[in-house]
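Q: Residue numbers (the working numbering), protein chains in the order written: chain H, 1 to 273; chain U, 274 to 601.
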Amino acid sequence: MLDASEEGYVTEDGRKIGGVLMEMKNITLRFGGVKAITDISFDIREGEIRAIIGPNGAGKSSMLNVISGFYVPQEGEVWYKGKKRPPMKPYQVAQLGIARTFQNIALFEGMTVLDNVMTGRLNYMKTNLLQQAFWKGSAEKEETANREVVEKVIDFLEIQSIRKTPVARLPYGLKKRVELARALAAEPSLLLLDEPMAGMNVEEKEDMSRFILDVNDEFGTTIALIEHDMGVVMDLSDRVVVMDYGKKIGDGTPSEIRSNQAVIDAYLGVAHD
Amino acid sequence: MPDQLVFAMEVFLNGLMAGVLYALVALGFVLIYKASGIFNYAQGVMALFAALTLVGIMEGQVPFSHLINAVFGTDVHHFGWHMPALVSILLTMAVMVFLAWAVNKLIFNHLVNQEPIILFMATIGLAYFMEGFGDIMWGADIKKLDVGLPQGINIPIDETTYGWFGYGFFIDNLDIVATVIAAILVVALVIFSQYTKQGRAMRAVADDHQAALSVGISLNFIWVMVWSLAGFVALVAGIMWGTKSGVQFSLSLIALKALPVLMLGGFTSIPGAIVGGLIIGVGEKLFEFSVGPLIGGATENWFAYVLALIFLVFRPQGLFGEKIIERV
Chain H
1 MLDASEEGYV
11 TEDGRKIGGV
21 LMEMKNITLR
31 FGGVKAITDI
41 SFDIREGEIR
51 AIIGPNGAGK
61 SSMLNVISGF
71 YVPQEGEVWY
81 KGKKRPPMKP
91 YQVAQLGIAR
101 TFQNIALFEG
111 MTVLDNVMTG
121 RLNYMKTNLL
131 QQAFWKGSAE
141 KEETANREVV
151 EKVIDFLEIQ
161 SIRKTPVARL
171 PYGLKKRVEL
181 ARALAAEPSL
191 LLLDEPMAGM
201 NVEEKEDMSR
211 FILDVNDEFG
221 TTIALIEHDM
231 GVVMDLSDRV
241 VVMDYGKKIG
251 DGTPSEIRSN
261 QAVIDAYLGV
271 AHD
Chain U
274 MPDQLVFAME
284 VFLNGLMAGV
294 LYALVALGFV
304 LIYKASGIFN
314 YAQGVMALFA
324 ALTLVGIMEG
334 QVPFSHLINA
344 VFGTDVHHFG
354 WHMPALVSIL
364 LTMAVMVFLA
374 WAVNKLIFNH
384 LVNQEPIILF
394 MATIGLAYFM
404 EGFGDIMWGA
414 DIKKLDVGLP
424 QGINIPIDET
434 TYGWFGYGFF
444 IDNLDIVATV
454 IAAILVVALV
464 IFSQYTKQGR
474 AMRAVADDHQ
484 AALSVGISLN
494 FIWVMVWSLA
504 GFVALVAGIM
514 WGTKSGVQFS
524 LSLIALKALP
534 VLMLGGFTSI
544 PGAIVGGLII
554 GVGEKLFEFS
564 VGPLIGGATE
574 NWFAYVLALI
584 FLVFRPQGLF
594 GEKIIERV
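1) When the cut-off is 8 Å and only beta carbons count, does residue 501 of chain U lie next to chain H?
2) Within the 8 Å Cβ cut-off, does residue 85 of chain H reach chain U?
3) Tell me the DSSP secondary structure of residue 166 of chain H in three-state form.
4) Using 8 Å as the cut-off, can you tell me whether the region 312-324 of chain U makes contact with the region 523-543 of chain U, which would need three or more C-beta pairs spanning the two stretches below that distance?
5) Going along the chain, which residues of the region 60-79 of chain H sit with their C-beta nearer than 8 Å to a C-beta in chain U?
6) Provide the residue span of the alpha helix (DSSP H) that contains residue 258 of chain H, from first to last.
7) I'd like the span of the alpha helix (DSSP H) that includes residue 491 of chain U, first residue to last.
8) Taking only the alpha-carbon atoms, compute the straight-line gap between residue 398 of chain U and residue 79 of chain H and give it to the nearest angstrom.
9) I need the boundaries of the beta strand (DSSP E) containing residue 72 of chain H, first residue and last residue.
10) Among H:245, H:182, H:194 and H:250, whose alpha-carbon lies nearest the alpha-carbon of residue 68 of chain H?
11) Please report the distance separating the alpha-carbon of residue 3 of chain H from that of residue 11 of chain H.
12) Quick check on residue 222 of chain H - is its C-beta less than 8 Å from some C-beta in chain U?
13) Pair every Cβ in the region 47-67 of chain H with every Cβ in the region 443-460 of chain U, then say whether three or more of these pairs are closer than 8 Å.
14) Who are residue 473 of chain U's beta bridge partners in DSSP?
15) For residue 253 of chain H, which option in H:85, H:235, H:59 and H:266 has the closest C-alpha, if you only look at C-alpha atoms?
16) My assumption, with CB atoms under 8 Å, is that residue 222 of chain H sits in contact with residue 46 of chain H. Please give the rounded CB distance.
17) In the DSSP output, which residue or residues are listed as bridge partners for residue 29 of chain H?
18) Any beta-carbon of chain H closer than 8 Å to the one on residue 484 of chain U?
19) With a Cβ-Cβ cutoff of 8 Å, do residue 417 of chain U and residue 519 of chain U count as a contact?
20) Give me the Cα-Cα distance between residue 1 of chain H and residue 91 of chain H, rounded to the nearest whole angstrom.
21) Given that residue 144 of chain H touches chain U, what residues does it touch there, using C-beta distances under 8 Å?
22) Using only the alpha-carbon positions, how far apart do residue 432 of chain U and residue 371 of chain U sit?
23) Examine chain H for any beta-carbon lying closer than 8 Å to the beta-carbon of residue 588 of chain U, and answer yes or no.
24) Enumerate in chain order the residues of its own chain whose CB-to-CB distance from residue 291 of chain U is below 7 Å, with the five nearest sequence positions on each side excluded.
25) What residues in the region 485-519 of chain U bring their beta carbon closer than 7 Å to a beta carbon of chain H?
26) Measure the C-alpha to C-alpha separation of residue 481 of chain U and residue 386 of chain U and round it to an integer number of angstroms.
27) Nearest CA to the CA of residue 421 of chain U: which residue from U:306, U:438, U:362 and U:455?
28) Keeping to the same chain, check which residues put their C-beta closer than 8 Å to that of residue 351 of chain H; ignore five residues upstream and five downstream.
29) Name the chain U residues whose beta carbon is nearer than 7 Å to that of residue 122 of chain H?
30) Would you mind reading off the limits of the alpha helix (DSSP H) that contains residue 451 of chain U?
31) Just mark residue 225 of chain H as buried or exposed, buried being the case when its beta carbon has 16 or more other beta carbons within 10 Å.
32) With H, G and I counted as helix, E and B as strand and the rest as coil, what does DSSP make of residue 265 of chain H?
33) Can you grab the Cα-Cα spacing for the pair residue 562 of chain U / residue 281 of chain U, in whole Å?
34) Check whether chain U comes within 8 Å of residue 109 of chain H, counting only Cβ atoms and requiring the distance to be less than that.
35) Identify the contact partners of residue 477 of chain U in chain H, using a Cβ-Cβ distance below 7 Å as the criterion.
36) At a Cβ threshold of 8 Å, is residue 3 of chain H touching chain U?
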């Protein structure tokens, strides 16, 4: 097992990872009588790329929904920035600086790319209604500052050419990128990506991988991602949690996971008893 | 100039003014539909309820007096005050905000993720509940509403047109005021939805709930805000209609005239509600003036719906509605 001490650790490629940002303690989630997640604990550290993998139906998405507040677990605690997080609504979690994308893409289809990305800045708008309506003083400054962040993100993800295009007209791969841009515009402390490569072709997958690495590298953003494509995950992430049938069956660096017998069994489909 | 043309011009102008009043009701529908996808059948009743409450507060009427008297054997009807119009309007607005909160808390919070038809049925229930509730609260008699808006024939217009055509146009001052207020209301709403944080959040919620949550928008806050805005628009419409024809329960039926207005203007466009209202207003007045006498009149009852039907066939999203883009 990798030495994940309080102060952090050094990754396989030599990057320094900080202390614990988020910790899940003994999370159990049920839907009626069905257990989606059973007693799972793991942590996410500042600056790392953390992956949650597992076959279909393993409970990965449920776990991401617990982190982002869409589901409230029946048992267990969520700790964030050293404090226990009380049960929260998804919008409150977002206001804490946790941004996310969705497996099935949730964008504002009627708005342009620019407007979509701008919504990521809503929590940074502090001036009051009248100032905004009359476009006076601090409201104007605030808007300019927000626009700067947004333009930087748009440049970074190379979507300048479609800034004014309504999102509904974009192909799938670009929509995924716009969704990432909106999440990034919020300058999150923790970025959650729900199957960022799902449904993409090889070239789009490579682009997305590059963006994820660049985001982590450039902004130092902590990223937790879910993916069922093992190959992609192993190349991207610093540490991996493996889930199967709602239980945690492995946790460690990609090389540790590769040699973990339980993980190999789960992916190759050994009969469960 | 031939008389008929002069008359037609007067009819046209009066049609515009009538259209403004239709548009005011339609505006309330658009606001709620845009933000929550709910077609609020109760919008007309909200206007009635707002007008009833306003009159009640102004005249110092004791709410539920009939019920109180029946239960306790008392004989109270009035507090014995006359509230100034402006104070009463502000208090009525507070009641409408409370109503918005209660509607969301008691009804729509329990119907999250339900089919649009379920939500629509809920608003029908709400409409009839509010009609009965308003009756119990304020009584069913026709009330006079006077918040000090000018009424009666506009003399300068009458004199000017008399000077031009030898025939003075009859334009009601109240209609002119309604037009000015509607114009201000629309400009304010457009600025609000385009340039403020809350307006952006409102458009975001209208578009996708999940995405809105993920960028930190509280759906509940936005819905209460939108219903409050719709309550405000209902209050304005209630004041105009109430001043014009008295506060009476048939007021809730004007909501139905807003339907063809919405089909024309599009359910999602604020300017569309206004233009739609004007077209319907002018259309039905001119039609009644020109064709009405030939076929026995009373065309105003159906003309708007037929016009809307024709529009629906050729442009289902309305004049200004968002074009439905779908990748196949």
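Backbone N, C-alpha and C define an ideal beta-carbon position, used for all residues, glycine too.
Note that the structure is predicted; figures quoted are calculated from it, not measured.
A: In this structure, then:
1) no
2) The C-beta of residue 85 of chain H comes no closer than 8 Å to any C-beta of chain U.
3) Reduced to three states, the DSSP call for residue 166 of chain H is strand.
4) These segments touch.
5) 68 and 70
6) 254-258
7) Careful: residue 491 of chain U lies outside any alpha helix (DSSP H) and carries neither H nor E.
8) 44 Å
9) Careful: residue 72 of chain H lies outside any beta strand (DSSP E) and carries neither H nor E.
10) H:194
11) Bear in mind that the predicted position of residue 3 of chain H carries a pLDDT of just 47, short of 50, making it unreliable; the figure below should be weighed with that in mind. Each residue's Cα considered, the two are about 10 Å apart.
12) no
13) no
14) Its beta-bridge partners do not exist; DSSP assigns none.
15) H:235
16) 6 Å
17) Answer is H:37, bridged to residue 29 of chain H.
18) Taking 8 Å as the threshold, the shortest C-beta distance from residue 484 of chain U to chain H falls below it.
19) Going by C-beta atoms, residue 417 of chain U is nearer than 8 Å to residue 519 of chain U.
20) With a pLDDT of 43 at residue 1 of chain H, under the threshold of 50, the modelled position of that residue is not reliable, and the figure given next carries that caveat. C-alpha separation (whole angstroms): 36 Å.
21) Residues of chain U passing the Cβ test: none, with the nearest at roughly 14 Å.
22) 47 Å
23) By this cut-off, residue 588 of chain U is not an interface position.
24) 554 and 558
25) 486, 487, 488, 489, 490 and 491
26) 12 Å
27) U:362
28) Beyond the ends of chain H as shown, which are 1 and 273, falls residue 351 of chain H; an answer cannot be given.
29) Chain U residues near residue 122 of chain H: 470, 473, 474, 488, 489 and 490.
30) 446-468
31) buried
32) If DSSP states are grouped into helix, strand and coil, residue 265 of chain H belongs with the helices.
33) 7 Å
34) yes
35) 108 and 119
36) Legend: pLDDT at residue 3 of chain H = 47, less than 50; position of this residue unreliable, value from coordinates given subsequently. No, because no Cβ of chain U sits closer than 8 Å to the Cβ of residue 3 of chain H.
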